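Data block below; observations after.
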Amino acid sequence: MEIKNEKQRSHKPDQLISRNLRAIREDLMSSAGHASHPKAYLNQIVLELDMLSKVESEADTTEYLNYLAAVMRKIEGLLYHPLYMQYYEQLQATSLVGLEFLAIQIENEIKELEKAISPDITVDPNQLYMEEAYVQTLKTLYKLAVSATEGNAATMLCQLQENWVQTQRKFIESVKLGSLNDSQKTSKETPQQTVNRLISQIGDYPKPTHVHGVADLSNAGKVHLYTGIAAYKKSHSKLPHNYHREQFIKYVTQLANDNTTNFKGCTKMRKNTPENATTTMEALLGKEGLKLYQLALQEEAYSEEYRDAVFNASTKFIEGNKWDGAKFIIIPGPSASGKSHATDAVIRKIDELPQKTDDHSGNVMVCVDGGIPREISQMRKLAVRLANKKGFSGISDLHEQSKILEDIKTHVKNAALASPNLSIVMPETYSTWMVPFSGHEKFIDDISKSERQFIVATVVGKNAGNFREVVRHMGTRRAYKTDNFDQVELDLNSTEGLTESKAYGPSGFDFGVYGSNKAVAAYVEIQTKNRKPILKLEVENDLILLREESENLGSWVPAKPGDEGILMVSQHIYVQWYRQSAQQKANMDLRAYAKANPYTKINPSQDFETLLNAGAAPVPSPMPVAAPAGAVSFFGVTSVSKPPETTNDVKTLGAGVL
Numbered sequence: 008m009e010i011k012n013e014k015q016r017s018h019k020p021d022q023l024i025s026r027n028l029r030a031i032r033e034d035l036m037s038s039a040g041h042a043s044h045p046k047a048y049l050n051q052i053v054l055e056l057d058m059l060s061k062v063e064s065e066a067d068t069t070e071y072l073n074y075l076a077a078v079m080r081k082i083e084g085l086l087y088h089p090l091y092m093q094y095y096e097q098l099q100a101t102s103l104v105g106l107e108f109l110a111i112q113i114e115n116e117i118k119e120l121e122k123a124i125s126p127d128i129t130v131d132p133n134q135l136y137m138e139e140a141y142v143q144t145l146k147t148l149y150k151l152a153v154s155a156t157e158g159n160a161a162t163m164l165c166q167l168q169e170n171w172v173q174t175q176r177k178f179i180e181s182v183k184l185g186s187l188n189d190s191q192k193t194s195k196e197t198p199q200q201t202v203n204r205l206i207s208q209i210g211d212y213p214k215p216t217h218v219h220g221v222a223d224l225s226n227a228g229k230v231h232l233y234t235g236i237a238a239y240k241k242s243h244s245k246l247p248h249n250y251h252r253e254q255f256i257k258y259v260t261q262l263a264n265d266n267t268t269n270f271k272g273c274t275k276m277r278k279n280t281p282e283n284a285t286t287t288m289e290a291l292l293g294k295e296g297l298k299l300y301q302l303a304l305q306e307e308a309y310s311e312e313y314r315d316a317v318f319n320a321s322t323k324f325i326e327g328n329k330w331d332g333a334k335f336i337i338i339p340g341p342s343a344s345g346k347s348h349a350t351d352a353v354i355r356k357i358d359e360l361p362q363k364t365d366d367h368s369g370n371v372m373v374c375v376d377g378g379i380p381r382e383i384s385q386m387r388k389l390a391v392r393l394a395n396k397k398g399f400s401g402i403s404d405l406h407e408q409s410k411i412l413e414d415i416k417t418h419v420k421n422a423a424l425a426s427p428n429l430s431i432v433m434p435e436t437y438s439t440w441m442v443p444f445s446g447h448e449k450f451i452d453d454i455s456k457s458e459r460q461f462i463v464a465t466v467v468g469k470n471a472g473n474f475r476e477v478v479r480h481m482g483t484r485r486a487y488k489t490d491n492f493d494q495v496e497l498d499l500n501s502t503e504g505l506t507e508s509k510a511y512g513p514s515g516f517d518f519g520v521y522g523s524n525k526a527v528a529a530y531v532e533i534q535t536k537n538r539k540p541i542l543k544l545e546v547e548n549d550l551i552l553l554r555e556e557s558e559n560l561g562s563w564v565p566a567k568p569g570d571e572g573i574l575m576v577s578q579h580i581y582v583q584w585y586r587q588s589a590q591q592k593a594n595m596d597l598r599a600y601a602k603a604n605p606y607t608k609i610n611p612s613q614d615f616e617t618l619l620n621a622g623a624a625p626v627p628s629p630m631p632v633a634a635p636a637g638a639v640s641f642f643g644v645t646s647v648s649k650p651p652e653t654t655n656d657v658k659t660l661g662a663g664v665l
């Protein structure tokens, strides 16, 4: 890329980028053949670009570039959309404009720093060293910026801008630290300060982003949600409200400063097979500490603040027309099979069913998921953070030692059922189906006879053998931490870098498949008996595990759980990427392509199709949605191998992929 001279640099990059995008947008909107393209997404990008001029006039260069990079992230998502492939080169060219502007700013900073570290100016030797190192880093970023091509411009712009900001931040922090005296350099939060900070967080849970949740419950629903709280308070009336939680916080803070119990195993093994680098609750806390944990967890579970926080986090608001009646959706499937991802896709599909076109008040959906009480619990998070801070990937028996949280899921379910205006979605493994008196079949019969429209959505693996491997990989990665152990701090609310620490049991897969099949069969039988429609959705999990060849970047081969650098991606998207890469003869990043093309295949039953066709419900705008776990952008240029002719040809990449 050629950098223009000072006279040529007077243009505003935002205007050039916006002009190019407007031309594409107008072309698309005037083309009947592109009636289904995501216009709203493109319009949103153009509107944000229009704001860049205002940002540029009111903010400094770094803020402007941060904003530009954020917008370009969205533009990058267009580059791999099938409807935009014809504009691939034009869209990438707009990214070069932003890269040029970024390169100029880096170049100017280099010049300013080189003046500051002139031999004629006396500075502290340590600061001189840091400045010289910073300049070398900037020069590397500059070289990368000016060497960008139209094949990787969008990715380069976003990544280089992020790297520049991070480098600046680290440099400023280093200089600040270097200017402190020795006593200040070693100062950090004392154990007592940590205790005070954590105690101040007790019961202060993150607030929801919407106004729905507990406020939507009926009076009967609130009674169910707060079940047992009054009795617990009465039996513990002589103790302060937060007594056990405060004691556990003090105990954990003391343990955090004891290095003798830290992880001492192989860090490489911990990264690739984290399930082998766990600890147990008793080994981590000791017998007394484990007892303290369970008392603190019980105290939390019987607090109104916690119950409210769980229910609010379980509530989703879906804008648009009011549905024609409340729904109850069960999503059977083995643990870690992708039920949470399927939930969003299923809700979008259900949003196409008949609606009340004269009522635009939207719909409130409650998700009855055992993972939410675990995620919200402050005491559970504190235990996981302590284990991670000591270098362990997780706690193998945390789930068994936190059984009281399972009751919260029941309270949420009963509260929602007692509120007729609420729709409910319930991911469920049904792994206990064969247990006598489990009550699963009776519950399905009760829902079938209720006023709610009853829908079942199953998660099915496209290939049984591969499905098991994918579930195993998702289970361990979801459960255990694999990196950044040196950055863990004790906190009651932060979820950054936090994993679930719920162990994946291989035997649970078989029980989950068996129970889920039984649940679906029972649903069909009971709905038929009650003369209700079979509203069934089959969500296909076609994820495969791949890894990039270290000696041939851009070439992907089959992976298995435990391999380094695994990418989990839809088989359909992988094949599509191969074909389009070959057709365009472009070096497209598989990760970025997968992120820009989220894919979920749903097969509806005949009754569901009939209801869809009869309802004439409006189809939601095809806005981009969250990509499958593992599909994220990365910095680099890929090469493309020979594309497979059919989906089945992916098998030729190696055994075990499909």
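Residue 407 in the numbering used here sits at position 400 of the sequence shown; the count goes up by one each step and never skips.
A virtual CB, placed ideally from N, CA and C, is assigned to each residue, including glycine.
Here the structure is a predicted model, which is why all the values come from computation and not from measurement.
Near G377, which residues of its chain fall below 7 Å by C-beta distance, leaving aside the five closest residues on each side in sequence? For the purposes of this step, residue 377 is taken as residue 370 along the sequence shown, with counting starting at 1. The answer, listed in chain order, is E413 and K416.
Reference N537, options K214, S455 and Q254, closest by Cα: Taking the sequence shown and counting its residues from 1, the one referred to as residue 537 is at position 530. Relative to the Cα of N537, the nearest Cα in the group K214, S455 and Q254 belongs to S455.
Let's test the definition: count the other Cβ atoms within 10 Å of the Cβ of P443 and tell me whether it reaches 16, buried, or not, exposed. Locating residue 443 in the sequence shown gives position 436, counting from the first residue. Exposed is the call here.
Bridge-paired residues (DSSP) for E339: In the sequence shown, residue 339 corresponds to position 332, counting from 1. The sequence given here has Pro at residue 339, not Glu. The partner list for P339 (beta bridge, DSSP) reads E435.
Using C-beta distances below 8 Å, list every residue in its chain close to I117, excluding the 5 sequence neighbours before and after it, in chain order. By one-based count along the sequence shown, residue 117 stands at place 110. Within the same chain, I117 has close Cβ partners V142, L145, K146 and Y149.
What do you reckon, are the CB atoms on L597 and I573 nearer than 8 Å? Along the sequence shown, read from residue 1 onward, the residue named residue 597 stands at position 590. Along the sequence shown, read from residue 1 onward, the residue named residue 573 stands at position 566. Their beta carbons are not under 8 Å apart, which means L597 does not touch I573 by this criterion.
CA-CA distance, V478 and A110? The sequence position of residue 478 within the sequence shown is 471, counting from 1. The sequence position of residue 110 within the sequence shown is 103, counting from 1. A straight-line Cα-Cα distance of about 44 Å links V478 and A110.
Closest by CA to K334, which one among I325, S342, F516 and P341? On the sequence shown, residue 334 is found 327 positions in, with the first residue counted as 1. Relative to the Cα of K334, the nearest Cα in the group I325, S342, F516 and P341 belongs to I325.
Do G228 and S426 have their C-beta atoms within less than 8 Å of each other? Position 221 of the sequence shown, counting from 1, holds the residue named residue 228. Position 419 of the sequence shown, counting from 1, holds the residue named residue 426. Contact: yes.
Closest by CA to D452, which one among I337, I402 and L505? The residue given as residue 452 occupies position 445 in the sequence shown. Comparing Cα positions, the closest option is I337.
With DSSP collapsed to three states, give me the class of F399. Locating residue 399 in the sequence shown gives position 392, where the first residue counts as 1. Reduced to three states, the DSSP call for F399 is coil.
If we count Cβ pairs, one from each stretch, closer than 8 Å, do we get three or more for the region 528-545 versus the region 457-469? Between the region 528-545 and the region 457-469, the count of Cβ pairs shorter than 8 Å is three or higher; the stretches touch.
S455 lies in the alpha helix (DSSP H); which residues open and close that run? Counting from one through the sequence shown, the residue named residue 455 turns up at place 448. Per DSSP, the unbroken alpha helix (DSSP H) holding S455 starts and ends at H447 to S455.
Compute the distance between the beta-carbons of W330 and Q362, then report whether it is under 8 Å. Here residue 330 refers to the residue found at position 323 of the sequence shown. Here residue 362 refers to the residue found at position 355 of the sequence shown. Yes, Cβ-Cβ distance for W330 and Q362 is below 8 Å.
Just the Cα atoms here: how many angstroms apart are Q99 and A160? Counting from 1 along the sequence shown, the entry for residue 99 is found at position 92. Counting from 1 along the sequence shown, the entry for residue 160 is found at position 153. Near 6 Å, if we compare the C-alpha coordinates of A160 and Q99.
My assumption, with CB atoms under 8 Å, is that L497 sits in contact with L619. Please give the rounded CB distance. On the sequence shown, residue 497 is found 490 positions in, with the first residue counted as 1. On the sequence shown, residue 619 is found 612 positions in, with the first residue counted as 1. The Cβ separation is near 50 Å, so there is no contact.
Around the Cβ of M276, are there at least 16 other Cβ atoms within 10 angstroms (buried) or fewer (exposed)? Locating residue 276 in the sequence shown gives position 269, counting from the first residue. So M276 counts as exposed.
Between the Cα of G398 and the Cα atoms of Q208, T268 and A320, which residue gives the shortest distance? The residue you call residue 398 lines up with position 391 of the sequence shown. Per the Cα distances, T268.
Which first and last residues belong to the alpha helix (DSSP H) in which M288 is found? As a working note, residue 288 is residue 281 in the sequence shown. Segment M288 to A308, the alpha helix (DSSP H) holding M288.
Could you please give the first and the last residue of the uninterrupted alpha helix (DSSP H) stretch that includes K509? Along the sequence shown, one-based indexing puts residue 509 at 502. Careful: K509 lies outside any alpha helix (DSSP H) and carries neither H nor E.
Exposed or buried, C374, counting other C-beta atoms within 10 Å across all chains shown (16 or more means buried)? Mapped onto the sequence shown, residue 374 falls at position 367. The residue in question, C374, is buried, as its Cβ has 16 or more Cβ neighbours within 10 Å.
Taking only runs that begin and end inside the region 519-604, name each unbroken beta strand (DSSP E) of 3 or more residues, in chain order. Within the region 519-604, the complete beta strand (DSSP E) runs of at least 3 residues are 542-548, 550-555, 563-565 and 573-577.
Whole-angstrom distance between S501 and Y437, CA atom to CA atom: Here residue 437 corresponds to residue number 430 of the sequence shown, with the count starting at 1. Here residue 501 corresponds to residue number 494 of the sequence shown, with the count starting at 1. Computed Cα separation, rounded: 31 Å.
Helix, strand or coil at V495 according to DSSP, with G and I counted as helix: Residue mapping note: residue 495 aligns to position 488 of the sequence shown, counting from 1. Residue state for V495 is assigned as coil, using DSSP reduced to three classes.
V104 versus L167: straight-line alpha-carbon distance, rounded: The residue you call residue 104 lines up with position 97 of the sequence shown. The residue you call residue 167 lines up with position 160 of the sequence shown. Going by the C-alpha atoms only, they are around 14 Å apart.
Can you give me the C-alpha to C-alpha distance between Q112 and Q578, rounded to a whole angstrom? In the sequence shown, residue 112 corresponds to position 105, counting from 1. In the sequence shown, residue 578 corresponds to position 571, counting from 1. Using only the alpha carbons, I get a separation of about 41 Å.
Taking Q261 and L299 to be in contact with their CB atoms under 8 Å, please state how far apart those CB atoms are, rounded to whole angstroms. Locating residue 261 in the sequence shown gives position 254, where the first residue counts as 1. Locating residue 299 in the sequence shown gives position 292, where the first residue counts as 1. About 11 Å separates the Cβ atoms of Q261 and L299, ruling out a contact at the 8 Å cut-off.
Quick one: is P213 buried, meaning 16 or more other Cβ sit within 10 Å of its Cβ, or exposed? Along the sequence shown, one-based indexing puts residue 213 at 206. Using a 10 angstroms sphere on the CB of P213, the tally of other CB atoms stays under 16, which defines it as exposed.
Ignore the nearest five residues each way along the sequence and tell me which others in V527's own chain have a CB closer than 8 Å to its CB. In the sequence shown, counting from the first residue as 1, residue 527 sits at position 520. Residues of the same chain with a CB within less than 8 Å of the CB of V527, apart from the 5 flanking positions on each side, are P339, V463, T465 and K543 in chain order.
What span of residues does the alpha helix (DSSP H) with T350 cover, start to end? Indexing the sequence shown from 1 puts residue 350 at position 343. Taken as a continuous stretch (DSSP letters only), the alpha helix (DSSP H) holding T350 covers K346 to I357.
What are the boundary residues of the beta strand (DSSP E) that includes N370? Indexing the sequence shown from 1 puts residue 370 at position 363. Counting along the chain, the unbroken beta strand (DSSP E) around N370 starts and ends at N370 to C374.
Using 8 Å as the threshold, is the C-beta distance between V675 and I256 below it? Since the first residue of the chain shown is 8 and the last is 665, residue 675 is not available in this structure.
Helix, strand or coil, according to DSSP, for V463 in the structure here? Position 456 of the sequence shown, counted from the start, is the residue given in the question as residue 463. Residue state, collapsed to three classes: strand.
Thinking P380 and G519 are a contact (beta carbons under 8 Å), I'd like their distance in whole angstroms, please. Residue numbering aside, residue 380 sits at position 373 when the sequence shown is read from its first letter. Residue numbering aside, residue 519 sits at position 512 when the sequence shown is read from its first letter. The Cβ separation is near 20 Å, so there is no contact.
Would you list, in sequence order, the uninterrupted alpha helix (DSSP H) runs of no fewer than 4 residues that lie entirely inside the region 201-233? Counting only runs of 4 or more, we get 226-232.
Host beta strand (DSSP E) of P611 (start-end): Here residue 611 is taken as the residue at index 604 of the sequence shown, counted from 1. In the DSSP assignment, P611 falls within the beta strand (DSSP E) that extends over K608 to P611.
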